[in-house]
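**Q** Here this note's numbering runs 2 ahead of the position in the sequence shown, where the first position is 1.
Cβ coordinates follow ideal geometry from the N, Cα and C atoms, glycine included.
Sharing a structure with you now.
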Amino acid sequence: MPKDPLMYLARRDAYAAFLTASDAEGAVIWRRVEGRYDSLDAALAATRESYAATQAAFNVLDVEGVGPVDQARELMDRLRELHRLNVVPDDAWETYTAARAAFVTAARGFLARN
3 MPKDPLMYLA
13 RRDAYAAFLT
23 ASDAEGAVIW
33 RRVEGRYDSL
43 DAALAATRES
53 YAATQAAFNV
63 LDVEGVGPVD
73 QARELMDRLR
83 ELHRLNVVPD
93 DAWETYTAAR
103 AAFVTAARGF
113 LARN
């Protein structure tokens, strides 16, 4: 049983929201690199929207300053690197998914202890 069930749920939801936003941003990057957007404007709009959503979700974690903040920052760094590429190297997605897995593991561990 969590020490504070309401705090547990708030943190769990914040971690899930960040993970969902980062997954959506990764999907936007993938579609952009594959040329799936109808126009450059559409790609830029999707990129701005997904970037802003991930940043907003990260800010919740960053303000609290406890839990998997470092792992979340690492995941964001991997996304930012992917944004700079027009062709994604073969290992880029593996690096991203490793950072994603590290965030999930850290979030689960923090939730289990609190």
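1. Give the secondary structure of P7 by DSSP, where H, G and I count as helix, E and B as strand, and everything else as coil.
2. Leaving aside the five residues before and after A109 along the sequence, list all residues of the same chain whose C-beta is less than 7 Å from its C-beta, in chain order.
3. Taking buried to mean at least 16 other C-beta atoms within 10 Å of its own C-beta, is Q73 buried or exposed?
4. Closest to T56 by CA distance: which of V35, R38, A29 and A44 is it?
5. Does DSSP put S41 in a helix, in a strand, or in coil?
**A** So, from the listed chains and residues:
1. helix
2. Y17, G69 and P70
3. A residue is called buried once 16 or more other Cβ atoms fall within 10 Å of its Cβ, and Q73 is buried on that count.
4. A29
5. Under the three-state reduction of DSSP output, S41 falls in the coil class, being neither helix nor strand.
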